[in-house]
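Q: Under this note's numbering, the very last position in the sequence shown is 1360; numbers go up by exactly one each time.
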Amino acid sequence: MPSPRRWCAGAATATAATGAIGLAAAVAGSAPWRYVSESGVAGAPHATLYRISMLLLAASLALLAVPARHTARHALAALPFVPGRLAAAVPAGLAAAALALAAPLAAVAGAVTCSPGCPLPPYETPQPRDLVHAAAAIGALLLCALAILVYATQPDATTLRRAGRLGVLLAFPPLILSAIGILLLGRGLFTGLMERAALAAVSAWLVHTAAVHVRAKP
């Protein structure tokens, strides 16, 4: 009989895949220079699909935190500058904690939509809900990036570590470039494309990692 960890991993795989496909469909008709979040603004053609998809992705993060707690235990031990005692204590729940914290932030990003145009500083004047939405979305992505890094730095050459390293390779460049685009360029084709690439890469890592957990040994 499958363990609760595998049940959670299977549910995470299904919800992440459904959420990622739904988000892609909701954003597909949007101009590439627009922010992804504009697809969730009231009155947008697929606003409801966008919000549901974000909530599904949030649920998948919470579900993945369960099997993550029992793996990725000794990631920091692979880093030479981390003391052994700290490496043994801190990383035991680091990936799980990051995913568990990312889940409600992703839910907030889905529930609290931005105003039309999703204005962001420093080149636009946002409303309070724009700041709430942006802070939640950015926080969720940063925590997902931390979880990816924990998986990528596991000392054992497992499929989960390979998934983490692939996640670093695919997700970190567009995450960094999208942040640079928002800060230095503002709204535009470069920022829009990098944001989409980052979300696609993080979503792909989420689906793949959850699926690997289903097959992983207890």
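Cβ coordinates follow ideal geometry from the N, Cα and C atoms, glycine included.
In this text the structure is predicted, and so the values were computed from the model without any measurement.
Could you check how far apart the C-beta atoms of Thr-1155 and Val-1349 are, in whole angstroms? I think they sit under 8 angstroms.
A: With a Cβ gap of about 6 angstroms, Thr-1155 and Val-1349 count as contacting.
Q: Considering only C-alpha positions, which residue in the set Thr-1295, Glu-1337, Ala-1358, Ala-1340 is nearest to Leu-1236?
A: Checking every option, the nearest Cα to that of Leu-1236 belongs to Thr-1295.
Q: For the alpha helix (DSSP H) that Thr-1301 lies in, which residues bound it at each end?
A: Thr-1301 -> alpha helix (DSSP H) spans 1301–1322.
Q: Go ahead and label Tyr-1265 buried or exposed: buried means 16 or more other beta carbons lie within 10 angstroms of its beta carbon, across all protein chains shown.
A: So Tyr-1265 ends up on the exposed side.
Q: Considering only residues of the same chain and omitting the five flanking positions on each side of Cys-1286, which have a CB-CB separation below 6 angstroms?
A: Within the same chain, Cys-1286 has close Cβ partners Ala-1244, Val-1344.
Q: Exposed or buried, which one is Pro-1209 when buried takes at least 16 other CB atoms within 10 Å?
A: Looking at its Cβ environment, which holds 16 or more other Cβ atoms inside 10 Å, Pro-1209 is buried.
Q: So the candidates are Pro-1146, Leu-1199, Gly-1152; which of them puts its Cα closest to the Cα of Val-1354?
A: Looking at the Cα atoms, Gly-1152 is the closest of the given residues.
Q: Ignore the nearest five residues each way along the sequence and tell me which others in Arg-1211's own chain have a CB closer than 6 angstroms to its CB.
A: The answer, listed in chain order, is Gly-1235, Ala-1238.
Q: Would DSSP call Asp-1298 helix, strand or coil?
A: Reduced to three states, the DSSP call for Asp-1298 is coil.
Q: Helix, strand or coil for Arg-1211 per DSSP?
A: Correct three-state label for Arg-1211: coil.
Q: With distance defined between alpha-carbon atoms, name the residue in Arg-1176, Pro-1246, Ala-1186, Ala-1170 nearest to Leu-1198.
A: Of the listed residues, the one whose Cα sits closest to Leu-1198 is Pro-1246.
Q: Run through DSSP, which three-state label would Leu-1262 get?
A: Coil at Leu-1262, not helix or strand.
Q: I need the DSSP call for Pro-1174, collapsed to helix, strand or coil.
A: Correct three-state label for Pro-1174: coil.
Q: Rank Ile-1322, Ala-1289, Leu-1331 by C-alpha distance to the C-alpha of Leu-1308 and give the top, closest one.
A: For the residues Ile-1322, Ala-1289, Leu-1331, the minimum Cα distance to Leu-1308 belongs to Ala-1289.
Q: So, for Thr-1333: in the same chain, excluding its five sequence neighbours on each side, which residues have a beta-carbon less than 7 angstroms away from its beta-carbon?
A: Once the five neighbours on either side are set aside, the close Cβ partners of Thr-1333 are Ser-1320, Gly-1323, Ile-1324, Leu-1327.
Q: Considering just the uninterrupted stretch of the alpha helix (DSSP H) at Ala-1342, what are its terminal residues?
A: That run of the alpha helix (DSSP H) goes 1331–1357.
Q: For His-1188, does the three-state DSSP call read helix, strand or coil?
A: Coil.
Q: Between the C-alpha atoms of Leu-1331 and Trp-1175, what's the straight-line distance to the nearest angstrom?
A: So the two alpha carbons sit approximately 4 angstroms from each other.
Q: Tell me which same chain residues have a C-beta within less than 6 angstroms of the C-beta of Ser-1257, skipping the five on either side of it?
A: For Ser-1257, where only same-chain residues beyond five positions count, the Cβ hits under 6 angstroms are Gln-1269, Asp-1272.
Q: Can the beta-carbon of Ala-1339 be found less than 8 angstroms from the beta-carbon of Ala-1158?
A: No, they are not a contact pair.
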